[in-house]
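In my numbering, the protein residues as written are 2 to 188. Cβ atoms here follow ideal geometry from the backbone N, Cα and C, with glycine treated the same way.
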Amino acid sequence: MSQFDYGGEEMRKLYRRLLGAGAFAAVAAVAVSISVTPASGAASAAEEQPSAVEDYTYPGADAILASDHVQLISGDGHILYKACPPTEAPGLIIVRTTDRIGSLGNGRLCFEATAATGHLTLKVPNVYAVRGDGTSTNTGHRLKAQLTTDAGVHTAVDVDPNFDTEVGIAATPPGDPTTLLQLDASH
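Structure follows, in structure tokens:
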């Protein structure tokens, strides 16, 4: 018998070994393929999960612009646009403009500072006064208003925490019409 001459029993053993090794290799290849390739129609984890990066876009800004004609751009969530009550209310930051915008359409815009500090970027044209959220007995937030004119002259105004601060055409002496670009609050 030569070295390549196998008997029937030895051939069956060799065949079983090769068949077993081939089956193992096939199962391993399929397992690797399944773990690496997502199933058809299934989204990868990166596609399913929302981004963890905050862009600070003001939530509901499009709806507020459509209904109240107020352009809110971004913020930290601590200065919130509110529907103004029919009469003055303590605890609200009030912005006055000659434009007929806002929840009541009378040019009065209300905001609430919900934390010790806050930031809001917005665009409100023809602003003539900004009122702090304090009262005569309760000091409000320190506010800084960033304004610009049509000519591109930028100014930063410290707002009285308890009373109106006149800007633009209502300032003494009267200035050019101003657009409110930013409010920053601190305690």
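Between which two residues does the beta strand (DSSP E) holding residue i run?
| i | result |
| --- | --- |
| L73 | 72-76 |
| C111 | 109-114 |
| S137 | Neither: S137 is in no beta strand (DSSP E) and is coded neither H nor E. |
| A158 | Going by the sequence as given, residue 158 is Val instead of Ala. It spans 155-160 - the beta strand (DSSP E) in which V158 sits, taken as one unbroken run. |
| R101 | Per DSSP, R101 belongs to no beta strand (DSSP E) and is neither H nor E. |
| A186 | 179-187 |
Tell me where the alpha helix (DSSP H) around residue i begins and ends.
| i | result |
| --- | --- |
| I65 | 62-69 |
Which one of the options has the shortest CA to CA distance from residue i?
| i | options | result |
| --- | --- | --- |
| A171 | D159, A116, H120, T98 | T98 |
| A116 | D134, N127, V125, L123 | D134 |
| P91 | A157, P162, P178 | P162 |
| T88 | L105, T118, H70, F164 | L105 |
| S137 | F164, A152, I80 | F164 |
| T122 | T58, C85, C111 | T58 |
| I95 | G141, T156, A152 | G141 |
| D159 | L144, V168, G169 | L144 |
| A62 | G103, A130, T173 | G103 |
| N139 | L81, L93, I74, Y82 | L93 |
| F1 | P175, D177, H79 | Any answer about residue 1 is impossible in this case: the structure gives the chain only from 2 up to 188. |
| S187 | V128, G76, G119, V131 | G119 |
| S66 | N107, K124, V168 | According to the sequence as given, residue 66 is Leu; it is not Ser. Of N107, K124, V168, the residue nearest in Cα terms is K124. |
| D69 | G76, D77, N107, P60 | N107 |
| D132 | P126, T156, A64, V168 | At residue 132 the sequence reads Arg, which differs from the Asp that was named. Residue V168 is the option with its Cα nearest to R132. |
| C85 | H155, D77, T156, V71 | V71 |
| R101 | D77, L81, Y82, N127 | N127 |
For residue i, name the three-state secondary structure that DSSP assigns.
| i | result |
| --- | --- |
| G169 | helix |
| G92 | coil |
| N127 | strand |
| G119 | strand |
| A84 | coil |
| A146 | strand |
| S45 | With a pLDDT of only 45 at S45, under the threshold of 50, the placement of this residue in the model should not be trusted; the figure read from the coordinates follows. Note: S45 maps to coil in three-state DSSP. |
| V31 | Because the pLDDT at V31 is just 45, under 50, the model does not fix this residue reliably, and the value given afterwards should be weighed accordingly. Helix, per DSSP. |
Can residue i be considered in contact with the ligand FAD, in the sense that its beta carbon sits closer than 7 Å to one or more heavy atoms?
| i | result |
| --- | --- |
| V158 | This structure simply doesn't include the ligand FAD, nor any ligand for that matter. |
The stretch 176-187 / the stretch 140-156 touching (three or more Cβ pairs under 8 Å): yes
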